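Written below as structure tokens is the structure these notes are about.
Protein chains: 2
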Amino acid sequence: MSQQPTERERIVEAADRLFYGRGIQSVGMDAVREEAGVPLKRLYAEFPSKDALLSEVLNHRAQLWSVGIAEAAREAPTPRDKLLAIYDFLGEWFRSDGFRGCGFVNAFGELGAVSADVAAVAHEQKASFQRYVGDLVAEMGGSPVLASQLAILAEGAQTTAAIGRRPEAAEHAREAAEVLIGAEFPVES
Amino acid sequence: MSQQPTERERIVEAADRLFYGRGIQSVGMDAVREEAGVPLKRLYAEFPSKDALLSEVLNHRAQLWSVGIAEAAREAPTPRDKLLAIYDFLGEWFRSDGFRGCGFVNAFGELGAVSADVAAVAHEQKASFQRYVGDLVAEMGGSPVLASQLAILAEGAQTTAAIGRRPEAAEHAREAAEVLIGAEFPVES
DNA sequence: CACCCCCGAGAACGAGCGTTCTCATTTCTG
DNA sequence: CAGAAATGAGAACGCTCGTTCTCGGGGGTG
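If you read the protein sequences in the order shown, they are chains U and R.
Here the first sequence stands for residues 1 to 189, where the numbers follow this note's numbering.
Here the second sequence stands for residues 1 to 189, where the numbers follow this note's numbering.
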């Protein structure tokens, strides 16, 4: 595989920056062309339509997310630590430039009702995150409801940080997660 | 005040149904005209532009939300019960027809980066909800962090219910809220 | 060197949409 | 009943945008 990104990847990353940063319908194909630095012709040679490009952009973003979460969990020894690492990861993301909430939530809100594709990709990415949390919680011996609650905290932190401009939501969510985990495993000293 | 809605209100409600249900840019003024059953001319007599209409639609939706939350809290005797009533309210909403997540989150994701107005209205409605929760928590003698956590649970439940199609998120959030409140007020029997 | 194929830049096209205009009809008013 | 003002329905306008087309030049091949 190539170390430097192929042109197709460059296009996807450029489109992702724009779609995430400004919304999807607010970004024209011409802006994508400019950001990617390719002629329109090559853009349409790689992707037959804006919808197809968007689809790949969302899949790329889903990839980024799961890699980021896995990366954050790498040094965590126990399932509990891996779970809490999610919120640390969120805290860094919330404070990064251009943070604007969850891209799937945004795409779903904008196009979920009008594009079955977008709705399906968003649904799948949330389901995948819940499986990740669910597996770790199960490994810990926790209940599915606890898993659902930890996922809800992560989701809520994202919208709170984005719209409320409160990145501390990550730390608040983390503390809440610790309390919920602690409540399910009392006196585990 | 009039019991039956004025024409202006009918327009706002029609636009709200469409904007919430399909997204904002996906809905043309002609669709609003049809849904409201008024001539285009009257529509533009009431609102100078689509932006102005959207602004009023969002304010109307903020009104609905705070009334709904207050209504749900009406019969709750204690601040704690009023807080938990939020999640019961969410549970009913999640199971209602056409539920598609928080309209402010959706509007923010679609237009927040491109319209300062939309971003401001969304920010204000989240801030207002957090004040509501914060006041009740303070009344209970709880900490601001607890308030933030309860709000995060409510936010997360909304996106989980919408995109994940899991209305049980309301009950999971409620149980989590009970645990968090219980942790801050131990042995309060 | 001549020919041909390919590619980049941007014009062009067609559709959709926000907004305004036209005009026939209706509804008040004196 | 006559005239004026307002209204409704929809056409029209101008702009944006997704997508395609044109054309001029550059590089590779016989």
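Think of the CB as a built atom: it goes at the ideal place given N, C-alpha and C, for glycine as much as any other residue.
None of these values were measured; they are calculated from a predicted model.
Three or more beta-carbon pairs under 8 angstroms between the region 137 to 146 of chain R and the region 91 to 107 of chain U, yes or no?
-> The answer is no - the region 91 to 107 of chain U does not touch the region 137 to 146 of chain R, with fewer than three Cβ pairs under 8 angstroms.
Under 7 angstroms between beta-carbons, which chain R residues line up against U/L180? List them in chain order, please.
-> Mapped onto the first sequence, residue 180 of chain U falls at position 180. Chain order gives the chain R residues near U/L180 as A176 and V179, where near means a beta carbon separation below 7 angstroms.
What does R/L18 reach in chain U if we use C-beta pairs closer than 7 angstroms?
-> Stepping through the second sequence from its first residue, residue 18 of chain R is reached at position 18. Within 7 angstroms Cβ-Cβ: nothing; R/L18 doesn't reach chain U, min ~10 angstroms.
Do you know how far the Cα of U/E184 is from the Cα of R/S2?
-> Within the second sequence, numbered from 1, the residue matching residue 2 of chain R stands at position 2. Within the first sequence, numbered from 1, the residue matching residue 184 of chain U stands at position 184. Its pLDDT being 45, under 50, R/S2 is placed unreliably by the model, and the measurement read from it follows with that caveat. Approximately 53 angstroms between the Cα atoms of the pair.
Round the Cβ separation of U/V121 and U/L58 to the nearest angstrom and send it over; I've been treating them as touching at under 8 angstroms.
-> Position 121 of the first sequence holds residue 121 of chain U. Position 58 of the first sequence holds residue 58 of chain U. Between U/V121 and U/L58, the beta carbon gap of about 5 angstroms places them in contact (Cβ cut-off 8 angstroms).
With DSSP as the reference, label U/Q130 as helix, strand or coil.
-> Here residue 130 of chain U refers to the residue found at position 130 when the first sequence is read from its first residue. Collapsing the DSSP output to three states places U/Q130 in a helix.
Beta-carbon separation of R/Y20 and R/G103 under 8 angstroms?
-> Your numbering for residue 20 of chain R matches position 20 in the second sequence. Your numbering for residue 103 of chain R matches position 103 in the second sequence. Yes; because the gap between Cβ atoms is below 8 angstroms, this pair is in contact.
Residue-chain proximity (U/F104, chain R), Cβ-Cβ < 8 angstroms = Mapped onto the first sequence, residue 104 of chain U falls at position 104. Among the CB atoms of chain R, one or more fall inside 8 angstroms of the CB of U/F104.
Per DSSP, what kind of secondary structure is R/S66 in: helix, strand or coil?
-> As a first step, residue 66 of chain R is located in the second sequence; it is residue number 66 there, counting from the start. Residue state, collapsed to three classes: helix.
Comparing the C-beta of R/G142 with each C-beta of chain U, is any distance below 8 angstroms?
-> On the second sequence, residue 142 of chain R is found 142 positions in, with the first residue counted as 1. No, because no Cβ of chain U sits closer than 8 angstroms to the Cβ of R/G142.
Under 9 angstroms by beta carbon: chain R residues contacting U/F108 = Start at 1 with the first residue of the first sequence, and residue 108 of chain U comes out as number 108. Neighbours of U/F108 on chain R, chain order: R100, G101, N106, G109, T159, A162 and I163.
With a threshold of 16 other CB atoms inside 10 Å of the CB of R/G193, please say whether the residue is buried or exposed.
-> Because residue 193 of chain R is not part of the residues shown, which for chain R are 1 to 189, the question remains open.
Boundaries of the alpha helix (DSSP H) in which U/F185 is found, first to last residue | The residue given as residue 185 of chain U occupies position 185 in the first sequence. No alpha helix (DSSP H) contains U/F185, which DSSP labels as neither H nor E.
Do you know whose CA, among R/V114, R/R80 and R/R100, lies nearest R/L146's CA?
-> In the second sequence, counting from the first residue as 1, residue 146 of chain R sits at position 146. Cα-wise, what sits closest to R/L146 is R/R80.
What are the start and end residues of the alpha helix (DSSP H) that includes R/R80?
-> Here residue 80 of chain R refers to the residue found at position 80 of the second sequence. Per DSSP, R/R80 belongs to the alpha helix (DSSP H) from P79 to F94.
Chain R beta carbons: is any one of them nearer than 8 angstroms to that of U/M1?
-> One-based indexing of the first sequence puts residue 1 of chain U at position 1. Caution is warranted here: a pLDDT of 48 is assigned to U/M1, below 50, making its placement in the model unreliable, and the coordinate value is therefore given only provisionally. U/M1 does not count as touching chain R.
Indicate whether at least one CB of chain R lies closer than 8 angstroms to the CB of U/R22.
-> Along the first sequence, one-based indexing puts residue 22 of chain U at 22. At least one C-beta of chain R is nearer than 8 angstroms to the C-beta of U/R22.
Of all the CB atoms in chain R, is at least one closer than 8 angstroms to the CB of U/I69?
-> Locating residue 69 of chain U in the first sequence gives position 69, counting from the first residue. Not an interface residue.
Could you tell me whether the Cβ of U/H60 comes closer than 8 angstroms to any Cβ of chain R?
-> In the first sequence, counting from the first residue as 1, residue 60 of chain U sits at position 60. Taking 8 angstroms as the threshold, the shortest C-beta distance from U/H60 to chain R does not fall below it.
Of all the options R/T160, R/A72 and R/G68, which has the alpha carbon lying nearest to the alpha carbon of U/A127?
-> As a position in the first sequence, residue 127 of chain U is number 127, starting the count at 1. It is R/T160.
Return the residue from the list U/L136, U/A138, U/V137 and U/A177 that minimises the CA-CA distance to U/G156.
-> Against the first sequence, residue 156 of chain U aligns to sequence position 156. Considering only alpha carbons, the answer is U/A177.
For U/S189, count neighbouring Cβ atoms within 10 angstroms of its own Cβ and tell me buried if that reaches 16, exposed if not.
-> To locate residue 189 of chain U, count along the first sequence from 1; it is residue 189. In this prediction, U/S189 has a pLDDT of 49, which is less than 50 and means its spatial position is unreliable; what the coordinates show is noted afterwards. Classification for U/S189: exposed.
Run down chain R in chain order and give the residues with a C-beta less than 7 angstroms from the C-beta of U/S192.
-> The requested residue 192 of chain U does not occur in the structure, where chain U is confined to residues 1 to 189.
DSSP on R/V27, reduced to helix/strand/coil?
-> In the second sequence, counting from the first residue as 1, residue 27 of chain R sits at position 27. Coil at R/V27, not helix or strand.
Can you give the beta carbon distance from U/I24 to U/L54, rounded, assuming they're within the 8 angstroms contact cut?
-> For this step, residue 24 of chain U is matched to residue 24 along the first sequence. For this step, residue 54 of chain U is matched to residue 54 along the first sequence. Indeed they touch by this definition, with Cβ atoms about 6 angstroms apart.
Chain R contact residues for U/S128, given Cβ-Cβ distances below 9 angstroms = Counting from 1 along the first sequence, the entry for residue 128 of chain U is found at position 128. Think of a sphere of 9 angstroms around the beta carbon of U/S128: no beta carbon from chain R falls inside it, the nearest being about 11 angstroms out.
So, using beta-carbon positions, are U/L84 and U/R10 closer together than 8 angstroms?
-> Residue numbering aside, residue 84 of chain U sits at position 84 when the first sequence is read from its first letter. Residue numbering aside, residue 10 of chain U sits at position 10 when the first sequence is read from its first letter. Against a cut-off of 8 angstroms, the Cβ pair of U/R10 and U/L84 comes out as no contact.
Helix, strand or coil: which one does DSSP assign to R/M1?
-> Within the second sequence, numbered from 1, the residue matching residue 1 of chain R stands at position 1. Residue placement at R/M1 cannot be trusted, given a pLDDT of 47 that sits under 50; what the coordinates show is reported in the next sentence. Three-state DSSP puts R/M1 in coil, outside helix and strand.
Could you list which residues in chain R have their beta carbon closer than 8 angstroms to that of U/V145, in chain order?
-> If you number the first sequence from 1, residue 145 of chain U lands on position 145. At a beta-carbon threshold of 8 angstroms, the residues of chain R lying near U/V145 are H172 and E175, ordered along the chain.
With a cut-off of 8 angstroms, does the C-beta of U/I152 fall near any C-beta of chain R?
-> Within the first sequence, residue 152 of chain U is the residue found at index 152, counting from 1. Interface residue (Cβ-Cβ distance to chain R less than 8 angstroms): U/I152 is classified as such.
R/I69 and U/A169 look like a contact to me (Cβ under 8 angstroms); what is the Cβ gap, rounded to whole Å?
-> As a working mapping, residue 69 of chain R is identified with position 69 in the second sequence. As a working mapping, residue 169 of chain U is identified with position 169 in the first sequence. Between U/A169 and R/I69 the Cβ distance is about 20 angstroms, and since that is not below 8 angstroms, they are no contact.
Do you know how far the Cα of U/G182 is from the Cα of R/L136?
-> The residue labelled residue 136 of chain R in the question sits at position 136 within the second sequence. The residue labelled residue 182 of chain U in the question sits at position 182 within the first sequence. Their backbone Cα atoms lie some 25 angstroms apart in a straight line.
So, is U/D51 buried or exposed, given that buried needs 16 or more other C-beta atoms within 10 angstroms?
-> Your numbering for residue 51 of chain U matches position 51 in the first sequence. Exposed, since its Cβ has fewer than 16 Cβ neighbours within 10 Å.
Could you list the residues in the region 70 to 98 of chain U with a C-beta less than 7 angstroms from some C-beta on chain R, going in chain order?
-> Going along the region 70 to 98 of chain U in chain order, one finds no residue with a Cβ nearer than 7 angstroms to chain R.
U/P144 - containing alpha helix (DSSP H), residue span | Numbered from 1 along the first sequence, position 144 holds the residue referred to as residue 144 of chain U. Annotation: the continuous alpha helix (DSSP H) that includes U/P144 extends over P144 to I163.
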